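With my numbering applied, the sequence shown corresponds to residues 45 to 369, in that order. The beta carbon of each residue, even a glycine, is placed where N, CA and C say it ideally should be. Just so we're clear, the structure is a prediction, and the values are computed from it rather than from any experiment. Working notes, structure below.
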Amino acid sequence: MNLVRSRIVGTGAYLPARVVTNDELAVQVDTSDEWIVQRTGIRKRHFAAKDEKTSDLAIRAAQAALESAGLQGSDIDLIVLATATPDQTFPATATRVQAALGMEVGIAFDVQAVCSGFIYALAVADNFVRVGQARKALVIGAETFSRILDWEDRGTCVLFGDGAGAVVLSAEQGDGTSADHGVLTTHLHSDGRHHDLLYVDGGVSSTRTVGHVRMAGREVFKHAVVRLAEVVDEALEATGISPADIDWLVPHQANKRIIDAMGKKLDLDPNRVVMTVDQHANTSAASVPLALDVAVRDGRIQPGHLVLMEAMGGGFTWASALVRW
Ligand code: UT7
Numbered sequence: 045m046n047l048v049r050s051r052i053v054g055t056g057a058y059l060p061a062r063v064v065t066n067d068e069l070a071v072q073v074d075t076s077d078e079w080i081v082q083r084t085g086i087r088k089r090h091f092a093a094k095d096e097k098t099s100d101l102a103i104r105a106a107q108a109a110l111e112s113a114g115l116q117g118s119d120i121d122l123i124v125l126a127t128a129t130p131d132q133t134f135p136a137t138a139t140r141v142q143a144a145l146g147m148e149v150g151i152a153f154d155v156q157a158v159c160s161g162f163i164y165a166l167a168v169a170d171n172f173v174r175v176g177q178a179r180k181a182l183v184i185g186a187e188t189f190s191r192i193l194d195w196e197d198r199g200t201c202v203l204f205g206d207g208a209g210a211v212v213l214s215a216e217q218g219d220g221t222s223a224d225h226g227v228l229t230t231h232l233h234s235d236g237r238h239h240d241l242l243y244v245d246g247g248v249s250s251t252r253t254v255g256h257v258r259m260a261g262r263e264v265f266k267h268a269v270v271r272l273a274e275v276v277d278e279a280l281e282a283t284g285i286s287p288a289d290i291d292w293l294v295p296h297q298a299n300k301r302i303i304d305a306m307g308k309k310l311d312l313d314p315n316r317v318v319m320t321v322d323q324h325a326n327t328s329a330a331s332v333p334l335a336l337d338v339a340v341r342d343g344r345i346q347p348g349h350l351v352l353m354e355a356m357g358g359g360f361t362w363a364s365a366l367v368r369w
């Protein structure tokens, strides 16, 4: 069966220049490097400069992805940008990226699924490509969580960082089997009943303030392990692929303990799990494409490899995607 697939033909990432170590945080917050490393695996994070916006990070990641794909902004006909920390209430941050890349036609919009945002955006763009509404798409995850952290809440402020990651999708003819290159399957879920476990206590139509991250960490942790296991199984069942065939797990980078649990569940050699949370903490929608870019650039992910991505975030939202490189 002939089928259009979205093949990932380029990746890019950008982390702001300013690095903040755990020790540096411990000067102003009642915490320690030991606690943060033991409970999360995080060693440092990057914070955007005062005048650096989410779109600036996204543009840098998008440019790197275009360069690695050998394409220009004018070749792209769709941008889907995942963020929970947009530049402005409107317009979409994606439209700023569109203008900066010199893309004068086509579609650009944001999606909001917090930490699952990149996989949501990938699924949306993949569907556009599969129905023929786009041929070349940029999928971006970009965040400036440093702007919404409460420095009085040590349970959350040590966990997050800023960054951006991007991939370029290109329409390619497949034969409808799991041997095709490209996005093989995506699975998205949300359950709004869990709103109060992870949210920002501000917003345009509620408090008219930006607000701060609020999280019941232990509860989120428990849900994450269960939901991620379920959504990973869904991707495997939908494609008839067994865990032993997975070359790389590229999970949401929130907590090393959650990532380890997912690797164990799939019975994967820890060397086949891409872990970058130590380098940039939880960057929400940027975390999966940041990790992906590292593993592509250092040569771990090779053409033909099966790459499984998963994420979970506020909403709750959770999602998985299985891609053949
Ligand atoms: O990206 C969206 C999805 N989000 C996640 O996946 C996050 C999921 N949750 C987590 O990663 C973990 O729950 C945390 C890392 C947030 C917390 O780890 P935990 O093992 O669940 O710790 P806890 O919240 O149960 O807190 C344990 C202790 C508490 O002290 P007591 O009550 O035992 O005396 C906290 O007050 O650790 C204390 N604590 C801290 N101590 C030093 C909390 N934050 C800190 C801190 N430094 N920064």
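Sort the options by Cα distance to residue i and report the nearest one.
i: PRO287; options: SER50, ALA61, ASP311 and ASP67; result: ASP311
i: PRO135; options: THR98, LEU232 and ARG258; result: THR98
i: ALA279; options: HIS267, ALA268 and LEU293; result: LEU293
i: PRO333; options: LEU193, LEU203, LEU101 and ASP313; result: LEU101
i: VAL244; options: VAL212, ASP277 and ARG191; result: ARG191
i: HIS324; options: GLN297, LEU110 and ASP304; result: GLN297
i: THR283; options: SER50, GLY220 and ALA152; result: GLY220
i: ARG179; options: VAL158, LEU166 and ASP119; result: ASP119
i: LEU122; options: HIS90, ILE151, HIS225 and ALA109; result: ILE151
i: LYS88; options: ASP67, TRP79 and GLN82; result: ASP67
i: LEU366; options: HIS256, PHE265, VAL124 and GLY226; result: GLY226
i: ASP304; options: ASP170, ARG83, GLY117 and ALA260; result: ARG83
i: THR55; options: VAL317, GLN116 and VAL212; result: VAL212
i: GLY359; options: GLY307, GLU78, HIS267 and VAL73; result: HIS267
i: LEU145; options: GLY117, ARG301 and GLU263; result: GLY117
i: LEU241; options: ARG252, PHE265 and THR253; result: PHE265
i: VAL141; options: HIS231, LYS308, GLY209 and ALA223; result: GLY209
i: ASP194; options: ALA169, VAL257 and PHE153; result: VAL257
i: VAL248; options: THR139, THR133, LEU336 and LEU125; result: THR133
i: THR75; options: GLU196, PHE162 and LEU232; result: GLU196
Is it true that the CB of residue j sits closer than 8 Å to the CB of residue i?
i: TRP369; j: ILE52; result: yes
i: THR327; j: PHE189; result: yes
i: ALA329; j: GLY205; result: no
i: VAL71; j: ALA215; result: no
i: GLY85; j: ASN315; result: no
i: MET306; j: LEU272; result: yes
i: PRO130; j: PHE91; result: no
i: ALA355; j: PHE162; result: yes
What do you get for residue i, buried or exposed, if any count of 16 or more other CB atoms within 10 angstroms of its CB means buried?
i: GLU187; result: buried
i: GLY343; result: exposed
i: ALA157; result: buried
i: ALA93; result: exposed
i: GLU274; result: exposed
i: ASP235; result: exposed
i: SER250; result: exposed
i: ALA113; result: buried
Runs of beta strand (DSSP E) lying entirely within the segment 274-328, each at least 3 residues, in chain order = 292-295
Length at least 3, wholly inside the segment 188-248: the beta strand (DSSP E) runs in chain order | 206-218, 226-234 and 242-244
Any chance you could list the beta strand (DSSP E) runs of at least 3 consecutive residues sitting entirely within the segment 132-169, in chain order?
-> 151-155
Entirely within the segment 250-277 and at least 4 residues each: give me those alpha helix (DSSP H) ranges in chain order.
-> none
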